[in-house]
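Undergrad: Below is a structure I'd like to ask you about.
Residue numbers (this note's numbering): 1223 to 1861.
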C-alpha cells in the first residue's frame, strides 16, 4: 500500500508536469485534544495510497513500538514525529505534509489541540484555505473547539469542514451527529464563515474519509477527500485587486531592472497601470518575466519579475498595486492581535513589526479590548497574555502599505517581534487605518531646537538617571542640576515621584503602567530638549526596552544614560521611605528588585556607585563626565 503512479516510471517529466499544473489547496486540522487530528491525516494518506515505501516500513515498526492501537497500524505516528509527542500521545508542534491526488495537490498542517500550544495552531492556520475542525462525537463541542474556530475565522479562513469524528464509538448515531452540527452552526453564526460542510466519520476505521461509508447510510454528503478535491478557493485571490510585494530588485546588468516577488492577489498584464504604494509614483507594466519566458499575464500565487516603462524608485519592501485600487499607506492602524509569548504584551513598549517585506519599529498605543475566545464577548484589559486576542491601535515609526485583512489576507497581516530577543511574540491582522494617521502632519517652526539652544549658550540633552529605588537618583540629579545652574546652564528636572502627582497621576505600578509612565516622560523630555534645555530625568525605568525607546526619540549624543549602580542590599538597607520593608511583607506589589525585575543598563554613558562614594562626589563626577562628553560646550550655528 505505497504511493504509485505509472508516469513515475514511464515519463517522469510528464509526471512532474502534471503535478505542476494541478491546483494547490492548503488546509489545517484543528480541534481539542484527542479529537483524532493526526489519526485523520494518517488515515487519509493511507487510504489514498499516498505513503511511500520507506514511510510505510517505518510506520509499521513504530506502531509496534510506541503505537496506541495494540500493535495495529497507528496512523497518528505519520504526523507525531517529536519524541515528546510519541511519549504523550499528543501533537505539540505543527506538522506539515504534502500529498496529491489525480485532481489536486494538498499541503496539510496538523496542529496541536492543547491550549498552551494555541500559538502553534495559529501559525498553521495563517496560510490555510480550509479548516477541518474535528469534534469527538462522544464529547461534543468543547472550549478548545470554540477557541480554534474563532481563531480560524479571525485569520480569514472562510471554508470549514466540521468533522464529527469517532462516530464508531456512538454506534454511528444520526441524532448525535445532528445535535452536534446544530449546536456548532448556532455558535458559528457569530463567525465570518462562508461555508460549513459537516461530515460524520471515523478516522480510525476510515468511514467517510475517501469513500462514503455504509455505516452512515443516512448521510448523503461528500467524503472528506471528495470535498477537499472540489472546494473552490483559488478564484477569491484572483478576483481581488493586483498586489505584488517586492522581494528583490533584480539588476543583473545595466540593461535590465526588474522587480521580483510573488503576486499576492489579482491579475497583472503588460500595459497595466501600477502604483508604488510608498511614493505614489505610477508607471506601466512593460514585461512579465519568468525563468521559462515572458507571460501574457500573471495571477495570484505566481512568482514573477515585472519590468516597467519608466525609471522610478522602487525598493525591497515596496508594494506594487493597481493604480485603480491602491493600498492604504499609513503609520497608524487598528488591528486584531493574537499574543504568542509568555511575556505579556505591554502597550507603549517598542516592538518591531514585519508586514510582508516591510520592517518598522512600532508601539501598541492602545489596547481597546480583549476578546473572550470562548464566548466572543469584549472584555476590558490593559495587556494581553499568552494566547489572548485583542483589538488594538498600533503606531509604526514609518508609514506602511497594507490592505484591511478582510480584503486581502496577504497584505493585511503582520508579525510582532521583540527588539532584543528577535522572538516572534504576536501576530496581527489589520482592520483599518486610523484617520489621524493621514490628516495630522508635522508643523515645521522657524525657531528650532538649535536656535533655542544657541540662545542659551549650550547643547540641549537628556540626562537619564536610572537605578533601583533608594540608589540615590533624585539626590544626585538635584545636586547635578545645582552645579549646572551655577555654571549658567538652563535646566529642568523631571522626577519620578513629582511627575506622578500630575502628568502620570492616573498610572499605577504594573508592568504596563511602568511602560506608559516612561513613554510619557520620554515624550515630555523630548519637548524640553527641543526647547533647548538640559533635562534631568530621575526614574527607576526598570526595563531596557523603554529606556531604549526614550533614547530613540532623540538625536545621537542627546541621550546620556546615568546608571546609579547601587546594589540591592545597600538600597534595601537604606530604605528611606520604608518601601522595601512593605514589599518584603507583601504589602506592596510589583516592587522593583523584589517581585518586579530591574534590567540594568549594558552600556551607559556614565556609571556611579553610591555604596562607596557620597552623593556630592557622585554629582561632581557626573558633571565632569558631561564636560568630557561635550554636553556643557556652547552650541553655535555654522556660519
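All residues carry an ideal CB built from backbone N, CA and C; glycine is no exception.
Taking the beta carbon of residue 1611 as the centre, do at least 16 other beta carbons fall within 10 Å, making it buried, or is it exposed?
TA: Classification of residue 1611: buried, given that the 10 Å Cβ count is 16 or more.
Undergrad: Please classify residue 1847: does DSSP put it in a helix, a strand, or coil?
TA: It is helical.
Undergrad: Is it right to say residue 1709 is buried, meaning 16 or more other beta carbons lie within 10 angstroms of its own, or is it exposed?
TA: By the 10 Å Cβ count, residue 1709 comes out exposed.
Undergrad: Determine whether the beta carbon atoms of residue 1592 and residue 1684 lie at a separation below 9 Å.
TA: No.
Undergrad: Does DSSP put residue 1795 in a helix, in a strand, or in coil?
TA: Helix at residue 1795.
Undergrad: Quick test of your reading: residue 1576 and residue 1637, contact by CB under 8 Å. State the CB separation rounded to the nearest angstrom.
TA: That pair is a contact at about 5 Å.
Undergrad: Assess contact between the stretch 1251-1268 and the stretch 1355-1364, defined as three or more Cβ pairs (one per stretch) separated by less than 8 Å. Is contact present?
TA: Taking 8 Å as the limit for Cβ pairs, the verdict is that the stretch 1355-1364 does touch the stretch 1251-1268.
Undergrad: Mapping DSSP to helix, strand and coil, what is residue 1812?
TA: Three-state result, residue 1812: coil.
Undergrad: Based on DSSP bridge pairs, tell me the residues matched to residue 1561.
TA: Paired residue(s): 1648.
Undergrad: Grab the span of the alpha helix (DSSP H) containing residue 1770 for me, first residue to last.
TA: Start and end: 1766-1774.
Undergrad: Candidates 1732, 1703, 1441, 1813: which alpha carbon is nearest residue 1842's?
TA: Among 1732, 1703, 1441, 1813, the Cα nearest to that of residue 1842 is on 1703.
Undergrad: Taking only the alpha-carbon atoms, compute the straight-line gap between residue 1468 and residue 1346 and give it to the nearest angstrom.
TA: One C-alpha to the other measures close to 24 Å.
Undergrad: Which one or two residues does DSSP pair with residue 1509 in a beta bridge?
TA: In DSSP, residue 1509 forms a bridge with 1529.
Undergrad: Return the CA-CA distance between residue 1634 and residue 1752, expressed in angstroms with no decimal places.
TA: Distance between the alpha carbons of residue 1634 and residue 1752 is about 36 Å.
Undergrad: So, using beta-carbon positions, are residue 1527 and residue 1482 closer together than 9 Å?
TA: In contact: residue 1527 and residue 1482 (Cβ atoms closer than 9 Å).
Undergrad: Have a look at the DSSP bridge pairing and note the partners of residue 1654.
TA: Per DSSP, 1556.
Undergrad: Runs of 3 residues minimum, wholly inside the stretch 1555-1617: which ones carry the beta strand (DSSP E) assignment?
TA: Segments of the beta strand (DSSP E) lying fully in the stretch 1555-1617: 1572-1577, 1580-1593.
Undergrad: What is the DSSP secondary structure of residue 1739, counted as helix, strand or coil?
TA: It is helical.
Undergrad: May I ask you to report which of helix, strand or coil DSSP gives residue 1818?
TA: Reduced to three states, the DSSP call for residue 1818 is strand.
Undergrad: Note down the Cα distance separating residue 1379 from residue 1249, rounded to an integer number of angstroms.
TA: Their backbone Cα atoms lie some 9 Å apart in a straight line.
Undergrad: State buried or exposed for residue 1569, treating a residue as buried only when at least 16 other CB atoms are found within 10 Å of its CB.
TA: Buried is the call here.
Undergrad: What is the residue span of the alpha helix (DSSP H) that residue 1805 lies within?
TA: Start and end: 1801-1806.
Undergrad: Taking residue 1553 as the reference, which of 1619, 1561, 1560, 1795 has the closest Cα?
TA: Of the listed residues, the one whose Cα sits closest to residue 1553 is 1619.
Undergrad: Closer than 7 Å by C-beta to residue 1761: which residues in its own chain qualify, once you throw out the five before and the five after it? Chain order, please.
TA: These residues qualify, in order along the chain: 1688, 1718, 1740, 1743.
Undergrad: When you compare only the Cα positions, how much space is there between residue 1475 and residue 1541?
TA: If you take the alpha carbons of residue 1475 and residue 1541, they lie about 23 Å apart.
Undergrad: Would you mind stating whether residue 1624 and residue 1731 have Cβ atoms separated by less than 9 Å?
TA: Their beta carbons are not under 9 Å apart, which means residue 1624 does not touch residue 1731 by this criterion.
Undergrad: Identify whether residue 1470 lies in helix, strand or coil by the three-state DSSP scheme.
TA: Three-state DSSP puts residue 1470 in a strand.
Undergrad: What residue range is occupied by the uninterrupted beta strand (DSSP E) comprising residue 1781?
TA: Here the beta strand (DSSP E) through residue 1781 covers 1781-1786.
Undergrad: I'd like to check one pair, residue 1531 with residue 1501: are the Cβ atoms closer than 9 Å?
TA: No, Cβ-Cβ distance for residue 1501 and residue 1531 is not below 9 Å.
Undergrad: For the beta strand (DSSP E) containing residue 1635, list its first residue and its last residue.
TA: Start and end: 1635-1639.
Undergrad: Determine which residues share a DSSP beta bridge with residue 1623 and list them.
TA: According to DSSP, residue 1623 bridges with 1551.
Undergrad: Using 10 angstroms around the beta-carbon of residue 1627, count the other beta-carbons present and answer buried if the total reaches 16, otherwise exposed.
TA: By the neighbour-count rule (16 or more Cβ atoms within 10 Å), residue 1627 is buried.
Undergrad: Quick one: what's got a C-beta closer than 8 Å to residue 1774's C-beta in the same chain, skipping five residues either side?
TA: Hits under 8 Å: 1572, 1583.
Undergrad: Distance check for residue 1733 and residue 1632, CA to CA, integer angstroms please.
TA: Approximately 33 Å between the Cα atoms of the pair.
Undergrad: Ends of the beta strand (DSSP E) at residue 1382?
TA: Unbroken beta strand (DSSP E) run through residue 1382: 1381-1387.
Undergrad: Give every residue of the same chain whose Cβ lies closer than 6 Å to the Cβ of residue 1617, excluding the five residues on either side of it in the sequence, and list them in chain order.
TA: Correct list, in chain order: 1554, 1585, 1587.
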